[in-house]
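Numbering-wise (my numbering), the first sequence opens with residue 2 and increments by one.
For each residue, glycine too, the CB sits at the ideal point set by N, CA and C.
These figures come from a predicted structure and were not determined experimentally.
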Amino acid sequence: MTPTPAGMTIDESFFARPAEEVAPALIGVELLHDGVGGIIVETEAYHDQDPASHSYRGRTPRNASMFGPPAHAYVYRSYGIHWCLNFVCLPGSAVLVRAIRPTTGIEHMLERRGQLAERLLCSGPGRLAEALGITREADGLSLLAPPFRLRPTAETYEIARDRRIGITKAKDELLRFGVRGSPWVSRRFAGEI
DNA sequence: CCCAGGATTGACT
DNA sequence: GTCAATCCTGGGA
């Protein structure tokens with residue numbers, strides 16, 4: 002689990018890998034949506050053959066993006082209330098973006114989320130999507146062109162690994178990745194690398 | 001057609 | 001720690 006080097010171009014081949022390989026590689030990468038965003042600090046992998054994945058029972062209208070080409074967005078509605086952003090990897094697999102450290106367009110995030118402590122702007126998949134203005138409209142869009150922008154940075158950090166959050170199946174798989182000690186994650190990491 | 005349940009969040013005890 | 005909000009998917013009848 003080596004950080005993605007700054008200056009490297011993220012292209013389709015970056016995502017054409019197993020989700021559990023892409024998820025840690027995304028930590029430290031800058032994510033912008035319409036020029037608003039920050040540094041990814043927490044992700045979760047959902048692979049094919051994963052009982053916790055929306056793709057587990059095969060292709061349906063909702064999860065169609067997960068079976069499309071890599072390097073595209075899969076956006077779904079969570080609990081009828083929130084939107085959650087995923088990056089599609091190999092067919093049937095994806096990475097859920099769970100938290101970023103806000104760096105750019107914070108005033109837009111505050112408008113969308115209401116006046117909150119910056120700590121609560123993007124620390125969770127639903128919060129992040131709301132702060133960046135991501136909705137169903139982004140489902141199926143390429144991650145390599147506007148409104149998205151992905152760029153590796155020179156951030157230094159230690160990648161931690163832990164159990165995924167909020168799922169009922171396959172809950173013991175260590176497929177959540179993030180910056181150890183970061184105050185911007187949705188939940189602290191307890192496990193080792 | 002029906003309806004249980006969910007990759008969450010915020011409010012509350 | 002507990003719990004409701006809210007909607008829409010998709011499996012089963």
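- Annotation: the continuous alpha helix (DSSP H) that includes glycine 127 extends over 126–133.
- Per the Cβ contact rule, the segment 136–150 is in contact with the segment 29–49 (3 or more Cβ pairs under 8 Å).
- Counted as a single uninterrupted DSSP element, the beta strand (DSSP E) harbouring glutamate 45 occupies residues 37–47.
- About 6 Å separates the beta carbons of tyrosine 75 and aspartate 140, which is inside the 8 Å limit, making them a contact pair.
- Note: tryptophan 84 is bridge-paired with Arg78 in the DSSP secondary-structure output.
- About 5 Å separates the beta carbon of leucine 122 from that of alanine 132, a gap short enough to meet the 8 Å contact definition.
- Leaving aside the five residues that flank leucine 142 on each side, the residues in its chain whose CB is nearer than 8 Å to its CB run, in chain order, His73, Ala74, Pro148, Phe149.
- In the structure shown, the three-state DSSP call for valine 186 is coil.
- The Cβ neighbour count for serine 14, taken over all protein chains shown within 10 Å, is under 16; the residue is labelled exposed.
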